[in-house]
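Undergrad: The sequence shown runs -18 to -1, 1 to 198 under mature numbering (1 follows the signal peptide of the UniProt record, and there is no 0).
Every residue gets a Cβ at the ideal spot worked out from N, C-alpha and C, and that includes glycine.
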Amino acid sequence: MRIMVALLGLVFSLSACAQESADTYKEGQHYVILDTPVRTADPSKIEVAEVFAYSCPHCFDFEPLLHAWEKKQDSDVYLSQTHAMWNPQMEPLVRGYYTSVALKIKDKTHMAVFNALHLERKPLGSAEQWADFFANYGVDKAKALSTYNSFGVTSQIKQAEARARSYKITGTPEMVVDGKYRISSRLAGGHAEMLKVVDFLVAKVRAERAAAKPAQ
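This is how it looks when you write it as structure tokens:
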């Protein structure tokens, strides 16, 4: 009898916790659902997309939190980052970011770019300045310049602009889970809180996918 009571108590406790979690974050209050979902790069996984800008001080503050969050994720979750471009004056920063992606050095340079702009006040407004910056990471300047001005990087920029428009981004940093749930720090109540909402939505997507799988 005691065992039965204990089991019933455990079930009730788990049920209450699940209900509490479900009630914690609400659509329209902590996140919004996009009218038209955006296709993700790998539908077999749960995409968490961040839209950021190197010039954004909030993105600079958020990046270490995001990096720590990424390290804790399961293998079914991956982080995608998109550089916003609100106006033509931002193009050198956007082009620099996608150059680092093309050169496969983004993991080494990403936080360093933030530091260079926000702490060291280094200018990164031209191809030559970016080439000099990438040279610190072993990239030949001629290769950096050709990549910076390449068709491939230009295509990445256009795709990024289209993606940000589809996400209906209103500021940076903002995040989109599974191409359909958009979260901002303003809605969530802060940077750390935004990641908590992301975790909630990742769990929601994971549960929905599990429920949709046919029974074995």
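Sorted by chain position, which residues of the same chain lie with C-beta nearer than 8 Å to residue 93's C-beta, five sequence neighbours on each side aside?
TA: Same-chain partners within the cutoff: 45, 46 and 49.
Undergrad: Which term fits residue 194, buried or exposed, when burial requires 16 or more other beta carbons within 10 angstroms of its beta carbon?
TA: With fewer than 16 Cβ atoms within 10 Å of its Cβ, residue 194 is classed as exposed.
Undergrad: Could you give the residue range of the beta strand (DSSP E) that holds residue 80?
TA: From DSSP, residue 80 is part of no beta strand (DSSP E) but of the alpha helix (DSSP H) over 73 to 84.
Undergrad: Do you know how far the Cα of residue 192 is from the Cα of residue 106?
TA: The alpha-carbon atoms of residue 106 and residue 192 are separated by roughly 46 Å.
Undergrad: How many angstroms separate the CA atom of residue -16 from the CA atom of residue 189?
TA: Only weak support is given to the placement of residue -16: the predicted model assigns it a pLDDT of 43, under 50, and the value that follows is read from those uncertain coordinates. Looking at the two C-alpha atoms, the distance is approximately 29 Å.
Undergrad: Quick one: which unbroken alpha helix (DSSP H) runs of 4-plus residues sit fully inside the stretch 99 to 139? Chain order, please.
TA: Entirely contained in the stretch 99 to 139, the alpha helix (DSSP H) runs reaching 4 residues are, in chain order, 109 to 117 and 123 to 130.
Undergrad: Check residue 92 in the structure and name its three-state DSSP category.
TA: Residue 92: helix per DSSP, three-state reduction.
Undergrad: Report the partner residues of residue 64 according to the DSSP bridge assignment.
TA: DSSP, once it has assigned bridges, lists 33 as partnering residue 64.
Undergrad: Output the distance between the C-alpha atoms of residue 74 and residue 115, rounded to the nearest integer angstrom.
TA: Residue 74 and residue 115: Cα-Cα distance of roughly 13 Å.
Undergrad: Does DSSP classify residue 184 as helix, strand or coil?
TA: Of the three classes helix, strand and coil, the one that applies to residue 184 here is helix, per DSSP.
Undergrad: Alpha carbon to alpha carbon, how far is residue 184 from residue 124? Give it in angstroms, no decimals.
TA: Roughly 42 Å separates the two Cα atoms.
Undergrad: Counting only the same chain and skipping the five closest in sequence on each side, list residues whose C-beta sits under 6 Å from that of residue 173.
TA: Answer for residue 173: 44, 47 and 167, listed in chain order.
Undergrad: Is it right to say residue 161 is buried, meaning 16 or more other beta carbons lie within 10 angstroms of its own, or is it exposed?
TA: It counts as buried.
Undergrad: What residue range does the beta strand (DSSP E) around residue 164 cover?
TA: Its beta strand (DSSP E) spans residues 163 to 166.
Undergrad: Compare the Cα-Cα distances from residue 199 to each of 29, 170 and 26 and report the closest residue.
TA: Lying outside -18 to 198, the shown extent of the chain, residue 199 is not represented and no answer is given.
Undergrad: When you compare the CB positions of residue 62 and residue 31, do they come within less than 8 Å of one another, or not?
TA: Going by C-beta atoms, residue 62 is nearer than 8 Å to residue 31.
Undergrad: With DSSP run on the structure shown, which of helix, strand or coil describes residue 7?
TA: Of the three classes helix, strand and coil, the one that applies to residue 7 here is coil, per DSSP.
Undergrad: Buried or exposed, going by whether 16 or more other CB atoms sit within 10 Å of the CB of residue 70?
TA: The residue in question, residue 70, is exposed, as its Cβ has fewer than 16 Cβ neighbours within 10 Å.
Undergrad: Between which two residues does the alpha helix (DSSP H) carrying residue 50 extend?
TA: First-last of the alpha helix (DSSP H) with residue 50: 39 to 53.
Undergrad: Using alpha carbons as the reference points, say which of 159, 153, 54 and 77 lies closest to residue 41.
TA: Closest by alpha carbon: 153.
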